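Data first, discussion second: the structure below is written as structure tokens.
In the numbering used here, the protein residues as written are 309 to 536.
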């Protein structure tokens, strides 16, 4: 699935041309930096580069003119506290790395992500939307209206089994890996962090967002989600 289809699936509508950056603008920055960006990264900025929900809803995608090259890697994403930065290896245009070192320093220590750039950006579209403050949803057509969370440690085994079965039977698992699981169903999304075996990390929070008030209320009542 390409990034445009993922974003449109999240929003429940077609993307507008003005919600992305013009190809000419992207090309101008490439020329300025004397580098060709990976195609999928160009696709991201071309599709949703002007949509704050996806570019700054949780983590911060750098503005094109602020993209940095360090250690033959293109830094394109900053964690919401700017402690961690993510970059793509320019030698293969697909391997994603993260560093917790200040990017102004030399000799950065890089750690490879499990997902390649395409899967990483797809994952980030969901992450940005689910973790975004409500204001990012209210400013655009297609934003979500109901938000809740649940602490996995508060679930007994019976309730946890019921939740897992409900997800498996009714919801589509759209992301699994890179420490994250995301599920989608009827204008709703659910996310939690996973362990090395791909199962729910029992120390994780479980986040739910929805445009379907009836479904949202049912999950809040059934599993004890706390509304945000």
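Here a beta-carbon is modelled for each residue, glycine too, at the ideal position from N, C-alpha and C.
Note that the structure is predicted; figures quoted are calculated from it, not measured.
Residue from 323, 314, 320, 355 with nearest C-alpha to residue 333
As a position in the chain shown, residue 333 is number 25, starting the count at 1. The candidate whose alpha carbon is nearest that of residue 333 is 355.
Just to confirm, are residue 380 and residue 397 a CB contact at a threshold of 8 Å?
Residue numbering aside, residue 380 sits at position 72 when the chain shown is read from its first letter. Residue numbering aside, residue 397 sits at position 89 when the chain shown is read from its first letter. A contact, by the Cβ cut-off of 8 Å.
Taking 8 Å as the threshold (C-beta atoms), are residue 327 and residue 271 in contact?
Missing from the structure shown is residue 271; the chain here goes from 309 to 536 and no further.
To which residues does DSSP link residue 407 through a beta bridge?
One-based indexing of the chain shown puts residue 407 at position 99. Residue 407 pairs with 393.
Under DSSP, the beta strand (DSSP E) around residue 530 begins and ends at which residues?
Looking up residue 530 in the chain shown gives position 222. Counting along the chain, residue 530 falls outside any beta strand (DSSP E), though it belongs to the alpha helix (DSSP H) covering 521 to 531.
Can you give me the start and stop residues for the alpha helix (DSSP H) that residue 472 sits inside?
Indexing the chain shown from 1 puts residue 472 at position 164. Run containing residue 472: 465 to 478, per the alpha helix (DSSP H) assignment.
With a threshold of 8 Å on Cβ separation, who are the neighbours of residue 322 within its own chain once the five nearest residues in sequence on each side are excluded?
Sequence index remark: in the chain shown, residue 322 carries index 14 (1-based). If we look at residue 322 and ignore the five residues flanking it on each side, its Cβ neighbours are 316.
Identified DSSP bridge partners for residue 492:
Translated into the one-based positions of the chain shown, residue 492 becomes position 184. In DSSP, residue 492 forms a bridge with 480, 497.
Does the region 475 to 483 come into contact with the region 424 to 440, if we say contact requires no fewer than three beta-carbon pairs (one atom in each stretch) closer than 8 Å?
yes
Where residue 503 and residue 513 are concerned, what is the direct C-alpha to C-alpha distance, given to the nearest angstrom?
Along the chain shown, one-based indexing puts residue 503 at 195. Along the chain shown, one-based indexing puts residue 513 at 205. Going from the Cα of residue 503 to the Cα of residue 513 covers about 13 Å.
Quick check: does the Cβ of residue 395 come within less than 7 Å of any heavy atom belonging to the ligand NAD?
What this structure holds is no ligand at all, so the ligand NAD is not there to describe.
With a threshold of 6 Å on Cβ separation, who are the neighbours of residue 279 within its own chain once the five nearest residues in sequence on each side are excluded?
Coverage of the chain is limited to positions 309 through 536, which leaves residue 279 absent and any answer about it impossible.
Inter-residue Cα distance where the pair is residue 507 and residue 470:
As a working mapping, residue 507 is identified with position 199 in the chain shown. As a working mapping, residue 470 is identified with position 162 in the chain shown. Approximately 14 Å between the Cα atoms of the pair.
Indicate whether residue 407 and residue 393 have their beta-carbon atoms separated by less than 8 Å.
Residue mapping note: residue 407 aligns to position 99 of the chain shown, counting from 1. Residue mapping note: residue 393 aligns to position 85 of the chain shown, counting from 1. Yes, Cβ-Cβ distance for residue 407 and residue 393 is below 8 Å.
Got a sec, what are the start and stop residues for the alpha helix (DSSP H) residue 315 sits in?
Within the chain shown, numbered from 1, the residue matching residue 315 stands at position 7. Element bounds for residue 315: 311 to 319.
Is DSSP giving residue 434 helix, strand or coil here?
Within the chain shown, numbered from 1, the residue matching residue 434 stands at position 126. Looking at residue 434 - three-state DSSP - the assignment turns out to be helix.
Count the other C-beta atoms from every protein chain shown that fall within 10 angstroms of the C-beta of residue 365, then say buried if there are 16 or more, exposed otherwise.
Here residue 365 corresponds to residue number 57 of the chain shown, with the count starting at 1. Residue 365 should be labelled buried.
Beta carbon of residue 320 nearer than 8 Å to that of residue 450:
Position 12 of the chain shown, counted from the first residue, corresponds to residue 320. Position 142 of the chain shown, counted from the first residue, corresponds to residue 450. Taking 8 Å as the Cβ cut-off, residue 320 and residue 450 qualify as a contacting pair.
I'd like the span of the beta strand (DSSP E) that includes residue 442, first residue to last.
Stepping through the chain shown from its first residue, residue 442 is reached at position 134. Element bounds for residue 442: not the beta strand (DSSP E) but the alpha helix (DSSP H), 442 to 446.
If you run the structure through DSSP and keep just helix, strand and coil, what is residue 452?
Counted from its first residue, the chain shown places residue 452 at position 144. Three-state result, residue 452: coil.
Rank 521, 524, 496, 536 by C-alpha distance to the C-alpha of residue 318 and give the top, closest one.
As a working note, residue 318 is residue 10 in the chain shown. Of 521, 524, 496, 536, the residue nearest in Cα terms is 496.
Could you compute how far the alpha carbon of residue 410 sits from the alpha carbon of residue 417?
Counting from one through the chain shown, the residue named residue 410 turns up at place 102. Counting from one through the chain shown, the residue named residue 417 turns up at place 109. C-alpha separation (whole angstroms): 10 Å.
Thinking residue 348 and residue 426 are a contact (beta carbons under 8 Å), I'd like their distance in whole angstroms, please.
Mapped onto the chain shown, residue 348 falls at position 40. Mapped onto the chain shown, residue 426 falls at position 118. Indeed, because the Cβ distance is near 5 Å, the residues count as touching under 8 Å.
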